[in-house]
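The sequence shown lines up with residues 0 to 432 when you count with this note's numbering. Quick reminder that beta carbons are idealized off the backbone N, C-alpha and C, glycines included.
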Amino acid sequence: MMRKCALVLVLVLLLTMLSFPPAAMAQDIALYLDSTKIQLLSNSECYIRVTSNAVAANDLAFTLEYDGQEYSGIIPAGEKEARIPVVTKAVEKSFKTTAAIKKGNGYRVSTSRGKAEVILIPEPVVVAQNGGLTTGPAGESIRVYYKVENSDILTSPLSLDLRDEAGNTLDTKSFSKKYDSATFKFVIPKDWTDTNYVSVWLGDKKVSDDFTIIIRKEISAVYSVNTDRRAVGISVDCGAGGSFYVRRWMDLMDEYNVKATFFITGEFADSNREVLKEILDRGHEIGNHSWNHEPMGGMKYGEILDEILPTNQVIYEATGGYVPKLFRAPKGRWGFGLNTMLQTLDLTLVQWTFSSGDSSADITSSKLYRNVTGKNVHPGAIYLFHNASPCFDIMDEVFEYYKENGYEMVSISELLPDGEYTIDKDGVVHAAE
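Next comes the structure, spelled out in structure tokens:
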């Protein structure tokens, strides 16, 4: 009797399975929208992602309903998701609607994630901050800054991706009306070299300008020049005093056939425009010495640009088109990688071999003379003096010393080698072989 009952039960099960369509025999597939809140750009083709809870054995057709329109989609066999392109309408302000998966054969709609609120927004204006350029060594962490300038379009936080040129997502940040700026942070890939670009994306659309990242190498400032020429470089920093002092220097230099580099701050240049062209006309050179002589050790790239570019502009205007090629860091202090940054602006960082000490409170004429003569003299040395030097009365003896010992006194650019050169770790310039 029990064997007959078991046989009947098996037959019933077989008949039951044969009476159901093949779809019911397949595994239980549930479809859902990837997010309960989706942000799309208006007036463009965007994508909504549909995901399944398991890999489908066969192609799985479904219908997506968005903003009153139906879109057909297929999750291919062996896959778990599909991206459906939808056409959005143009809006001036944020607009909310919904997207939903319609019920169909071969799948069920997830009850908890079957619909999504869609926030349709105009294209955000995402702008790179700090000049859109920074440097960093490969393999180390770096930060880039962006701001959404039309953040009033946002009714809820907006998630934006920072991506590299290959499309890799480096970091994701949330923007809103209240928090319209964000800092993206990532580790620079070790295979990055030279110049690279990153940008901000909303889904599949690029919504920002590029942020330029230059792979930073440690390049020393110029401190001296390796040369057989019996010549020294004369430099005068001009951040104080006025045109009277500059002309006093140039009058003395004329007597001893000296050509020098005058490193001039933007503030000085702006207040003494009339003497800048005269510096050039009398055979000397002008270098950039920042705008207000603030040490650059903790400055960000954008802040450095604010010191350099306006200074160049004033010098350019006052001289009728001259653009400095040399830069001297205020007070001899700067951050790692400044020389690499300056090279993007076609500027070379130049310091000095020996300082006259004429900016020190306890300087005397005899001390200044010892600082820049005797054992502190050799071919290719660069000397630092200041415009309003309190020991100017000894300078005729200094120049006379160089002259008697067979040294030419030249500007720094004239001291540097013609053509290509390298700077070693000690800041010594070597002509290319």
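Nearest neighbour of Y154, chosen from G135, L161, G138, Y178 [CA to CA]: According to the sequence displayed, residue 154 carries Thr and not Tyr. Answer by Cα proximity: Y178.
Run of the alpha helix (DSSP H) containing P309, from where it starts to where it stops: 300-318
So, G433 versus S234, is the Cβ gap smaller than 8 angstroms? Past the boundaries of the shown model lies residue 433; the chain is included only from 0 to 432, so the question cannot be answered.
Would a C-beta distance cut-off of 8 angstroms place S358 and L367 closer than the cut-off? no
Can you name, in chain order, every residue of its own chain whose Cβ lies under 6 angstroms from the Cβ of K114, other than the five neighbours on each side? T97, A99
Based on the DSSP output, what are the partners of N195 in its beta bridges? I212
How would you write the range of the alpha helix (DSSP H) that Y244 sits in, first residue to last? 242-255
Residues near I213 in its chain [Cβ-Cβ closer than 6 angstroms; skip 5 each side]: T134, T194
Whole-angstrom Cβ separation of V221 and T347, contact assumed at under 8 angstroms? 6 angstroms
Thinking S51 and T62 are a contact (beta carbons under 8 angstroms), I'd like their distance in whole angstroms, please. S51 to T62, Cβ: 15 angstroms. No contact.
Taking the Cβ atom as the reference point for each residue, do C45 and G166 lie within a distance shorter than 8 angstroms? no
Tell me whether the beta-carbon of G286 lies closer than 8 angstroms to the beta-carbon of V349. yes
For V231, count neighbouring C-beta atoms within 10 Å of its own C-beta (all shown protein chains included) and say buried if the count is 16 or more, exposed if not. buried
Nearest-angstrom Cα distance between R162 and D190? 16 angstroms
Quick check on L153: does DSSP put it in helix, strand or coil? coil
For T339, three-class secondary structure by DSSP: helix
Can you have a look at R142 and say buried or exposed, based on whether 16 or more other CB atoms are within 10 angstroms of its CB? exposed
When I118, D170, P75 are compared against I152, the one with the closest alpha-carbon: I118
Using a Cβ-Cβ cut-off of 7 angstroms (strictly less than) and excluding sequence neighbours within five positions of V11, which residues of its own chain qualify? The predicted position of V11 is uncertain, since its pLDDT is 44 and thus under 50; a value taken from the coordinates is nonetheless stated next. Cβ within range, chain order: n/a, list empty.
Which of helix, strand or coil DSSP assigns to L414: helix
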